[in-house]
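Residue numbers (the numbering used here): 156 to 579. Just so it is clear, CB atoms sit at the ideal spot from N, CA and C, and this is done for glycine as well. Working notes, structure below.
Laid out in structure tokens, this is it:
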């Protein structure tokens, strides 16, 4: 029986990540920051993660080290969390947020590699499911503690709570021992490893570079602007770009939006807690749903709850009062994650079917870049749009971008069908 002791760091690190993901924007608002400032802090954190994904990937490839990377990463996140407790200026928050993003991403490829190195390939699916569950339970713990914590304590000490769990991750990461070396890019050749990443990393840290994309790798996108389709996957790249651009436009402004309508910190944590429970439950049903109605139809259907969640938030939360407004926010958020569950499951299957055999790493790298640009742009643009023109305009923008995404996906499917007819 293969030891699973190395997995001990997954739960506490997830507590830290999800806790910081909520508390940093809240703290920006606590320091009288604007929604634009929240967009900046999310953008710089994501930018730090993008750079970290490339940097740590190169370190893994060159030195084949895992435990050392985890020790360095968790040490830096622990120190940054403590520093955030003492920080009182927004520029300091921005800098520390970027540092957190840079170091916290280092554990992602290591987790995938450890699953595949320490288990036979017929166990990969089950083990990736286990790591996913540990990650989700960490999220639930972070949100549950935050919900009760904010009722009894100030917001700032929550950073020390995150630091404590990051320190626990540091101690448990020593259990990551030596294992047979697996080339990092081979993860992309396993649908278990890559779909785990694509499905279970939500709006933040959705970065995966098994091979770093080069300029020529983007030719399937650039030719689209010349009115040509060299390979239909270019349309799929744009589908994902607009999907995450629109989705993250909503989630970037969600916390400031709720605070604007006088939601308490405890209520905001509760919204995220309930949506995570719903997402976890629905992920068990999604594969059967997708296999029943088909991948392409599932993708189209997923946009319905996504757009409905944005509309419900933008219309009901402002006009309802008290608990009714809270229930509207919960309902909208839950509908949003249901849409994400369907989209991420069906879209990942379609994407892997579209990748030519032997080029998995290259195409996944380009896709991560497009998704990353979408999320980074959404963080900056939606924050400034909300600050300048109001939340309603941002919600309309988010819904419009999702409509553009589903239109592009429909064009992709039509071209796939036309190609099959032509070849037949």
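(request) Going by CA-CA distance only, name the one from 431, 519 and 401 that's closest to residue 560. (result) The residue labelled residue 560 in the question sits at position 405 within the chain shown. Nearest to residue 560 by alpha-carbon distance, out of 431, 519 and 401, is 401.
(request) Report all residues from its chain with a CB closer than 8 Å to the CB of residue 289; omit the five preceding and five following residues, and keep chain order. (result) What you label residue 289 is simply residue 134 of the chain shown in a count that begins at 1. If we look at residue 289 and ignore the five residues flanking it on each side, its Cβ neighbours are 162, 165, 166 and 169.
(request) Output the boundary residues of the alpha helix (DSSP H) element that contains residue 482. (result) Taking the chain shown and counting its residues from 1, one reaches residue 482 at position 327. Looking at the DSSP string, the run of the alpha helix (DSSP H) that includes residue 482 is 478-509.
(message) Closest to residue 303 by C-alpha separation, out of 428, 557, 487 and 473, would be which residue?
(response) As a position in the chain shown, residue 303 is number 148, starting the count at 1. Looking only at 428, 557, 487 and 473, the smallest Cα-Cα distance to residue 303 is reached by 428.
(message) In this structure, how does DSSP classify residue 243 when only helix, strand and coil are distinguished?
(response) Here residue 243 is taken as the residue at index 88 of the chain shown, counted from 1. Residue 243 falls in the coil class under three-state DSSP.
(request) Using three-state DSSP, classify residue 417 as helix, strand or coil. (result) Numbered from its first residue, the chain shown carries residue 417 at position 262. The three-state reading of DSSP puts residue 417 in coil, since its state is none of H, G, I, E or B.
(request) Could you work out which residue in 266, 505 and 252 is closest to residue 565 when comparing CA atoms only? (result) Here the question's residue 565 lines up with position 410 in the chain shown. Closest by C-alpha distance to residue 565, out of 266, 505 and 252, is 505.
(request) Note down the Cα distance separating residue 310 from residue 378, rounded to an integer number of angstroms. (result) In the chain shown, residue 310 corresponds to position 155, counting from 1. In the chain shown, residue 378 corresponds to position 223, counting from 1. Whole-angstrom Cα-Cα distance: 50 Å.
(message) Quick check on DSSP: helix, strand or coil for residue 375?
(response) Indexing the chain shown from 1 puts residue 375 at position 220. Shown here, residue 375 sits in a helix according to DSSP, grouped into three states.
(request) State yes or no: is the C-beta of residue 258 within less than 9 Å of the C-beta of residue 297? (result) Residue numbering aside, residue 258 sits at position 103 when the chain shown is read from its first letter. Residue numbering aside, residue 297 sits at position 142 when the chain shown is read from its first letter. In this structure, residue 297 does not lie closer than 9 Å to residue 258 by Cβ.
(request) Express the C-alpha separation of residue 436 and residue 407 in angstroms, rounding to a whole number. (result) The residue given as residue 407 occupies position 252 in the chain shown. The residue given as residue 436 occupies position 281 in the chain shown. One C-alpha to the other measures close to 24 Å.
(request) Please determine if the stretch 409-427 and the stretch 476-486 are in contact, where contact requires at least 3 C-beta pairs separated by less than 8 Å. (result) With contact defined as three or more Cβ pairs closer than 8 Å, the stretch 409-427 and the stretch 476-486 are in contact.
(message) Pop quiz: residue 315 and residue 432 are said to be a contact at Cβ under 8 Å. What is the actual Cβ separation, rounded to whole angstroms?
(response) If you number the chain shown from 1, residue 315 lands on position 160. If you number the chain shown from 1, residue 432 lands on position 277. Incorrect: roughly 26 Å between the Cβ atoms, too far for contact.
(request) Below 8 Å CB to CB, which residues in the same chain sit around residue 456 once its five sequence neighbours on both sides are set aside? (result) Sequence index remark: in the chain shown, residue 456 carries index 301 (1-based). Apart from the 5 residues on each side of it in sequence, residue 456 sits with its Cβ closer than 8 Å to the Cβ of 448 and 497 in its chain, given in chain order.
(message) Rounded to whole angstroms, what is the Cα-Cα separation between residue 320 and residue 248?
(response) Here residue 320 corresponds to residue number 165 of the chain shown, with the count starting at 1. Here residue 248 corresponds to residue number 93 of the chain shown, with the count starting at 1. Rounded to whole angstroms, residue 320 to residue 248 spans 20 Å at the Cα level.
(message) Please report whether the beta-carbon of residue 190 lies at a distance below 9 Å from any beta-carbon of chain B.
(response) Protein chains in the displayed structure number just one, and chain B is not present.
(request) Locate the alpha helix (DSSP H) running through residue 311, then write down its first and last residues. (result) The residue labelled residue 311 in the question sits at position 156 within the chain shown. Unbroken run through residue 311: none, as it is neither H nor E.
(request) Compare the beta carbon distance of residue 322 and residue 233 with 9 Å and say whether it is the shorter of the two. (result) Reading the chain shown from its first residue, position 167 is the one you call residue 322. Reading the chain shown from its first residue, position 78 is the one you call residue 233. For residue 322 and residue 233, yes; Cβs fall inside 9 Å.
(request) Pick out the complete alpha helix (DSSP H) segments inside the stretch 218-278, 4 residues or longer, and give them in chain order. (result) For the stretch 218-278, the full-length alpha helix (DSSP H) segments reaching 4 residues or more read 222-241, 245-259 and 262-272 along the chain.
(message) Tell me the rounded alpha-carbon separation between residue 563 and residue 465.
(response) As a first step, residue 563 is located in the chain shown; it is residue number 408 there, counting from the start. As a first step, residue 465 is located in the chain shown; it is residue number 310 there, counting from the start. Across the structure, residue 563 and residue 465 are spaced so that their CA atoms are roughly 20 Å apart.
(request) Since I believe residue 398 is in contact with residue 521 (beta carbons under 8 Å), could you give me their beta-carbon distance rounded to a whole number of angstroms? (result) Walking along the chain shown from the start, residue 521 turns up at place 366. Walking along the chain shown from the start, residue 398 turns up at place 243. At roughly 15 Å, the Cβ-Cβ gap does not stay under 8 Å, so residue 521 and residue 398 are not in contact.
(request) Check whether the stretch 185-192 touches the stretch 533-542, counting contact only when three or more Cβ pairs, one atom from each stretch, lie closer than 8 Å. (result) The answer is yes - the stretch 533-542 touches the stretch 185-192, with three or more Cβ pairs under 8 Å.
(message) For residue 240, which residues in the same chain have their Cβ closer than 8 Å to its Cβ, ignoring the five residues on either side in sequence?
(response) Taking the chain shown and counting its residues from 1, one reaches residue 240 at position 85. Same-chain partners within the cutoff: 311, 312, 314, 315 and 318.
(request) With a 10 Å radius around its C-beta and 16 neighbouring C-beta atoms as the bar for buried, classify residue 217 as buried or exposed. (result) One-based indexing of the chain shown puts residue 217 at position 62. Around the C-beta of residue 217, fewer than 16 other C-beta atoms lie within 10 Å, and the residue is accordingly described as exposed.
(message) Between the alpha carbons of residue 270 and residue 160, how many angstroms are there, rounded?
(response) Working through the chain shown from its first residue, we reach residue 270 at position 115. Working through the chain shown from its first residue, we reach residue 160 at position 5. Going from the Cα of residue 270 to the Cα of residue 160 covers about 12 Å.
(message) Contact defined as beta carbons within less than 8 Å: I believe residue 531 pairs with residue 299. What is the distance between those atoms, to the nearest angstrom?
(response) Within the chain shown, numbered from 1, the residue matching residue 531 stands at position 376. Within the chain shown, numbered from 1, the residue matching residue 299 stands at position 144. A Cβ-Cβ separation of about 30 Å leaves residue 531 out of contact with residue 299 under the 8 Å criterion.
(message) My output table needs one value for residue 290: the three-state DSSP class, helix, strand or coil.
(response) In the chain shown, residue 290 corresponds to position 135, counting from 1. Per DSSP, reduced to three states, the secondary structure at residue 290 is helical.
(message) Which of the three DSSP states is assigned to residue 213 in this structure?
(response) By 1-based counting over the chain shown, the position of residue 213 is 58. DSSP places residue 213 in helix when its eight states are reduced to three.
(message) At the level of alpha carbons, what is the spacing between residue 358 and residue 403?
(response) What you label residue 358 is simply residue 203 of the chain shown in a count that begins at 1. What you label residue 403 is simply residue 248 of the chain shown in a count that begins at 1. Because residue 358 carries a pLDDT of 43, less than 50, the predicted location of this residue cannot be relied on, and no value is offered for it.
(request) Report yes if the CB atom of residue 331 is closer than 9 Å to the CB atom of residue 225, and no otherwise. (result) Here residue 331 refers to the residue found at position 176 when the chain shown is read from its first residue. Here residue 225 refers to the residue found at position 70 when the chain shown is read from its first residue. Yes, these two residues count as a Cβ contact at 9 Å.
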